[in-house]
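Structure first, then comments.
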Amino acid sequence: MIIGLGTDTGGDDAAGLLVARRLRELGVEAQDYSGEVLGLLDLWEGADSVILIDAMRSGRPAGTVCVFDPRQAPFGSEAFPVSTHGLGLFDALALAEELGRLPRRVVIYGIEGRNFAPCDEISPEVLAAVEDVARRIAREVSG
Amino acid sequence: MNPGAAQKAGKTIKVDYLARVEGEGALRVRLRGDRVEEVKLEIFEPPRLFEGFLRGRRFDEVADITARICGICPIAYQMSAVHALEHALGVAIDPAVRALRRLFYCGEWLESHALHVFLLHAPDFLGCQDAFEMARHHRALVEQGLRIKKTGNALISLLGGREIHPVSAAVGGFYRVPSRRELRPIAEDLKRALDASLSAARVVSGFEFPDFQQDYEFVALTHPGEYPFNEGRLISNLGLDIAPAEFEEHFIERHVKHSNALQCQLRGRGSYLVGPLARFNLNYDKLPEEARQAAQDCGLAPPCRNPFRSIVVRAVEMVFACAEALRLIEAYEPPAAPKVEVEPRAGAGAAITEAPRGILYHRYELDSRGLIVSAKIIPPTSQNQRRIEEDLWHLVPQLLDRPPEELAWRAEQAIRNYDPCISCATHFLKLHLERDDSPFSGSLSGRAGLQPRSLP
Chain A
45 MIIGLGTDTG GDDAAGLLVA RRLRELGVEA QDYSGEVLGL LDLWEGADSV
95 ILIDAMRSGR PAGTVCVFDP RQAPFGSEAF PVSTHGLGLF DALALAEELG
145 RLPRRVVIYG IEGRNFAPCD EISPEVLAAV EDVARRIARE VSG
Chain B
280 MNPGAAQKAG KTIKVDYLAR VEGEGALRVR LRGDRVEEVK LEIFEPPRLF
330 EGFLRGRRFD EVADITARIC GICPIAYQMS AVHALEHALG VAIDPAVRAL
380 RRLFYCGEWL ESHALHVFLL HAPDFLGCQD AFEMARHHRA LVEQGLRIKK
430 TGNALISLLG GREIHPVSAA VGGFYRVPSR RELRPIAEDL KRALDASLSA
480 ARVVSGFEFP DFQQDYEFVA LTHPGEYPFN EGRLISNLGL DIAPAEFEEH
530 FIERHVKHSN ALQCQLRGRG SYLVGPLARF NLNYDKLPEE ARQAAQDCGL
580 APPCRNPFRS IVVRAVEMVF ACAEALRLIE AYEPPAAPKV EVEPRAGAGA
630 AITEAPRGIL YHRYELDSRG LIVSAKIIPP TSQNQRRIEE DLWHLVPQLL
680 DRPPEELAWR AEQAIRNYDP CISCATHFLK LHLERDDSPF SGSLSGRAGL
730 QPRSLP
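These protein sequence lines map, in sequence, to chains A and B. Just so you know, we're using my numbering here: the first sequence kicks off at 45 and counts up by one. Just so you know, we're using my numbering here: the second sequence kicks off at 280 and counts up by one.
Okay, structure coming up:
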């Protein structure tokens with residue numbers, strides 16, 4: 045299962061959503077999901093493996109892509125801070141694990157963003173990374 | 280550090296949080312001796328940026344754009360938007376559409392209240408640092424909360440097409456409406472959510488609440504015969520009684536230096552409180568029997584002036600939302616058409632609806648092509664902001680002899696009582712103490728020293 049996270053009106057925060065949309069154009073099934081993260085527990089219910097794509101803010105250059113397993117997260121929750129409301133992605137992952145509701149395999153693609161203000165334009169580096177990540181995931185799932 | 284030293288010298292308490300959006304919010308309390316000299320709550324507010332973003336957009340794009348302001352209350356933003364635009368365009372909606380919109384709102388209240396009650400607010404009362412620790416020590420309670428939340432989401436999904444940022448509400452009605460058969464299965468989930476909400480109300484009413492009461496001016500919508508969602512007059516316990524269109528004559532927004540958010544106040548009177556406490560106190564007699572009984576069983580009666588008890592009121596409102604949703608589904612007949620045709624015309628219109636955390640005001644001005652000339656959005660958190668600060672003015676002096684961790688935790692909890700946009704950021708709430716006699720550097724999380732407790 046592939047889920048792109050983010051918001052459409054938060055500048056680079058749309059990165060995950062754009063990857064999911066691009067994947068669908070490439071013929072790969074993917075969902076976009078905005079807002080409150082605990083809804084993810086219902087969304088991935090029954091899935092054995094899930095790929096999550098989200099914008100991140102870790103101090104790296106915009107457009108940097110990091111792929112990692114959150115069970116051995118090298119970043120901690122600070123790179124994926126809370127949404128405008130609700131808990132952060134790592135809160136949802138930790139809660140899911142505690143409740144036995146985390147899929148067996150979870151991979152996160154983090155795309156470093158720069159502009160997160162409401163109504164911001166998406167950075168060109170992030171747009172390039174979106175294309176790159178979509179193609180990488182499409183290759184991964186098809187082969 | 281010796282808390283007693285705070286009696287002698289100035290002390291600054293600062294609670295910071297991080298948010299995904301730009302800008303940083305913080306709580307800063309400055310003390311001199313046992314006197315509070317300053318309380319500043321800094322909140323970053325995205326809605327105001329959307330006002331500019333909406334100018335020049337077509338009226339029928341507004342609901343979808345404003346729904347993206349918030350991941351927790353997109354329905355509230357949609358509802359205030361479509362009602363304000365319907366007033367501007369002279370559109371009357373089908374009574375069946377009106378009922379469906381109430382059902383839509385039930386889903387949002389359930390979802391938002393379940394998140395706040397079980398995962399954000401309950402940890403304060405059970406000595407847990409966060410939702411994760413709650414899950415470790417009170418797993419059944421967390422799972423119960425997640426099930427109620429899921430039912431709310433399912434209801435929104437059914438009516439909105441998508442759970443988060445629903446797209447189905449439109450000026451004049453809905454883009455699509457469900458059949459009676461489509462609504463039926465969710466009634467079973469709602470019956471279970473009703474039982475779970477009743478049991479949650481009993482549990483949270485047994486929590487230990489600080490003895491803290493304030494003389495609030497409560498402001499909420501009221502409507503004859505129903506607990507308020509989308510329609511009604513705006514009233515207060517101190518005699519306010521106006522139509523939503525008169526809002527700006529009675530309320531003023533002030534720029535305050537410490538925050539980029541505008542603080543909203545009642546003209547000539549100052550702060551006021553919106554949200555569950557205000558709704559409950561002003562509309563208790565409109566609650567259905569199940570919810571009134573639940574309130575009585577919890578020892579809750581209007582007027583409730585203790586903001587820490589808002590968790591009980593939210594649980595009672597979950598009971599209401601389940602009972603109301605079941606009633607609406609039972610009585611539902613689909614409208615003749617999902618929406619009425621709407622012709623663009625020049626005009627202006629305002630509306631207020633009851634978002635989970637309080638009244639949400641929208642006003643739009645349109646040109647003859649139906650394009651937005653101006654937009655105004657006043658969210659509940661900016662209306663409660665001044666009131667939160669005043670609660671802290673009164674609360675902090677009662678806590679000066681406590682350890683700094685406890686002081687920070689109580690201050691955070693006092694903010695969380697209001698379920699503001701920042702209450703969710705519990706992970707990032709930090710206390711900074713600065714004292715001029717003995718500089719303390721470092722930060723503390725207010726909940727860091729808590730010890731998990733068993734359920735009452």
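All C-beta atoms in this analysis are idealised placements derived from N, C-alpha and C, irrespective of residue type, glycine included.
Beta-carbon of residue i versus every beta-carbon of chain B: anything under 7 Å?
i        : result
A:GLY187 : no
A:ALA138 : yes
A:MET45  : no
A:LEU49  : no
A:LEU133 : no
A:GLU184 : no
A:ASP98  : no
A:ASP56  : no
A:THR108 : no
A:LEU143 : yes
A:ASP52  : yes
In terms of residue numbering, what span does the beta strand (DSSP E) encompassing residue i cover?
i        : result
B:GLU684 : No beta strand (DSSP E) holds B:GLU684; the alpha helix (DSSP H) holding it covers 683 to 695.
B:LYS565 : Unbroken run through B:LYS565: none, as it is neither H nor E.
B:VAL315 : 314 to 321
B:ASP409 : B:ASP409 -> no beta strand (DSSP E), and no H or E assigned at all.
Per DSSP, residue i forms a beta bridge with which residues?
i        : result
B:GLN542 : B:ARG533
B:TYR356 : Answer is none; B:TYR356 lacks a bridge partner.
B:ALA627 : B:GLU644
A:VAL109 : A:ILE155
B:VAL571 : The sequence given here has Arg at residue 571 of chain B, not Val. Answer by DSSP bridge pairing: none, since B:ARG571 is not bridged.
A:ARG89  : For the sequence presented, residue 89 of chain A should be read as Glu rather than Arg. None, per the DSSP bridge assignment.
B:SER447 : Paired residues: none, contrary to the question.
How far does the alpha helix (DSSP H) with residue i in it extend, from its first residue to its last?
i        : result
B:LYS470 : 459 to 484
B:ALA433 : 418 to 439
A:VAL63  : 59 to 69
B:GLY518 : Where B:GLY518 is concerned, there is no enclosing alpha helix (DSSP H), given that its DSSP letter is neither H nor E.
Would you please verify whether the beta carbon of residue i is less than 7 Å from any beta carbon of chain A?
i        : result
B:ARG377 : no
B:LEU328 : yes
B:ALA475 : no
B:PRO731 : no
B:ASN432 : yes
B:GLU301 : Note that B:GLU301 scores 30 on pLDDT, short of 50, meaning its location in the model is unreliable and no value can be drawn from it.
B:LYS536 : no
B:LYS319 : no
B:PHE230 : There is simply no residue 230 of chain B to check, as chain B begins at 280 and stops at 735 in what is shown.
B:PHE599 : no
B:PHE747 : Any question about residue 747 of chain B goes unanswered here, given that chain B covers just 280 to 735.
B:ALA410 : yes
B:LYS655 : no
B:PRO735 : no
B:LYS470 : no
B:LYS429 : yes
Would residue i count as contacting chain D if we go by Cβ distances under 7 Å?
i        : result
A:GLU175 : The structure shown has no chain D; the protein chains it does contain are A and B.
Could you tell me whether the segment 141 to 150 of chain A touches the segment 52 to 71 of chain A, where touching means 3 or more Cβ pairs closer than 8 Å? Contact between the segment 141 to 150 of chain A and the segment 52 to 71 of chain A is absent, because fewer than three Cβ pairs lie under 8 Å.
For the segment 581 to 597 of chain B, list every residue whose C-beta sits within 7 Å of some C-beta in chain A, in sequence order. none
Closer than 7 Å between beta carbons: that is the criterion. Which residues of the segment 150 to 172 of chain A meet it against chain B? PHE160, ALA161, PRO162, CYS163
Do the segment 460 to 476 of chain B and the segment 591 to 598 of chain B make contact, defined as three or more Cβ pairs closer than 8 Å? yes
What residues from the segment 63 to 96 of chain A come within 8 Å of chain B, judged by C-beta to C-beta, listed N to C? TYR77, SER78, GLY79, GLU80, LEU82, GLY83, LEU85, ASP86
Looking at C-beta atoms only, is the number of pairs between the segment 306 to 313 of chain B and the segment 618 to 625 of chain B that lie closer than 8 Å three or more? no
So if I threshold CB-CB distances at 8 Å, which residues from the segment 341 to 358 of chain B count as touching chain A? ILE344, ARG347, ILE348, CYS349, GLY350, ILE351, CYS352, PRO353
Should the segment 598 to 615 of chain B be regarded as contacting the segment 368 to 386 of chain B, the criterion being three or more beta carbon pairs within less than 8 Å? yes
Residues within the segment 445 to 461 of chain B neighbouring chain A, beta-carbon criterion of under 9 Å: Within the segment 445 to 461 of chain B, no residue qualifies.
When you compare the segment 612 to 621 of chain B with the segment 382 to 399 of chain B, are there three or more beta-carbon pairs, one atom per stretch, that lie closer than 8 Å? no
Under 8 Å (Cβ pairs) to chain A, residues found in the segment 412 to 427 of chain B: So the close ones are ALA414, ARG415, ARG418, VAL421, GLU422, LEU425.
Counting pairs of Cβ atoms below 8 Å between the segment 342 to 361 of chain B and the segment 573 to 583 of chain B, do you hit three or more? no
Is there contact here, the segment 394 to 403 of chain B with the segment 413 to 429 of chain B, by at least three beta-carbon pairs under 8 Å? yes
So, does the segment 665 to 675 of chain B touch the segment 636 to 644 of chain B, judging by three or more C-beta pairs under 8 Å? no
Mind checking the segment 488 to 517 of chain B against chain A and listing, in chain order, the residues whose C-beta falls within less than 7 Å of any C-beta there? Hits within the stretch: zero.
Using 8 Å as the cut-off, can you tell me whether the segment 485 to 498 of chain B makes contact with the segment 451 to 463 of chain B, which would need three or more C-beta pairs spanning the two stretches below that distance? no
contact_flag[the segment 68 to 83 of chain A, the segment 101 to 118 of chain A] where n(CB pairs < 8 Å) is 3 or more: No, the segment 68 to 83 of chain A is not in contact with the segment 101 to 118 of chain A.
Please confirm if the segment 135 to 142 of chain A is in contact with the segment 170 to 179 of chain A, defined as three or more CB-CB distances below 8 Å between the two stretches. no
Kindly confirm or deny that the segment 554 to 562 of chain B and the segment 502 to 519 of chain B touch, where touching means at least three C-beta pairs closer than 8 Å. yes
Pull out every residue of the segment 362 to 394 of chain B whose Cβ sits closer than 9 Å to any Cβ of chain A, in chain order. GLU390, SER391, LEU394
Validate contact between the segment 673 to 692 of chain B and the segment 357 to 367 of chain B using beta carbons, cut 8 Å, 3 pairs: With the cut-off at 8 Å, the segment 673 to 692 of chain B and the segment 357 to 367 of chain B do not touch.
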